[in-house]
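*Asks:*
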Amino acid sequence: MFPKVPDQHKTGKPLIPNGLGVLYVLITTVYLFLVYFSGITPASNGVSEPLTLAVCILFGGFMGLLDDWMDLKWRYKAFMPLIAALPLMYLTIENP
0 MFPKVPDQHK TGKPLIPNGL GVLYVLITTV YLFLVYFSGI TPASNGVSEP
50 LTLAVCILFG GFMGLLDDWM DLKWRYKAFM PLIAALPLMY LTIENP
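So for the sequence shown, numbering that gives the first Met the number 0 puts the first residue at 0; every next one is plus one.
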């Protein structure tokens, strides 16, 4: 399912799966949605902290997966986290 790449740090350079950060992203996102739907943290000013964090984590995970599949250039990697941080910036503006 995931592309395999040689491990540069081991002798013989065995092939290892690349892109297992997807599991971390999915588990974290499911946890944040459970926190949101259980009502542990109420939304203030119409902004929900767990959903905002879930959007940022999903976008960051998508960037990592896109980089694994397409080998993005450094100039794109430098600015994409700024886009992923926009929901967090909005959250801090709404809830100082």
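C-beta: ideal position from N, C-alpha, C; glycine also.
Would you mind reading off the limits of the alpha helix (DSSP H) that contains residue 57?
*Replies:* 48-69
*Asks:* Using 9 Å as the limit for Cβ to Cβ distance, is residue 91 near chain B?
*Replies:* Absence of chain B from the displayed structure is noted, only one protein chain being present.
*Asks:* So, using beta-carbon positions, are residue 40 and residue 90 closer together than 9 Å?
*Replies:* Judged by their CB atoms, residue 40 and residue 90 are not nearer to each other than the 9 Å cut-off.
*Asks:* By alpha-carbon positions, which one of 47, 86, 32 and 71 ends up nearest to residue 58?
*Replies:* Answer by Cα proximity: 86.
*Asks:* Could you give the distance in angstroms between the alpha-carbon of residue 17 and the alpha-carbon of residue 63?
*Replies:* 10 Å
*Asks:* Nearest CA to the CA of residue 47: which residue from 32, 60 and 61?
*Replies:* 32
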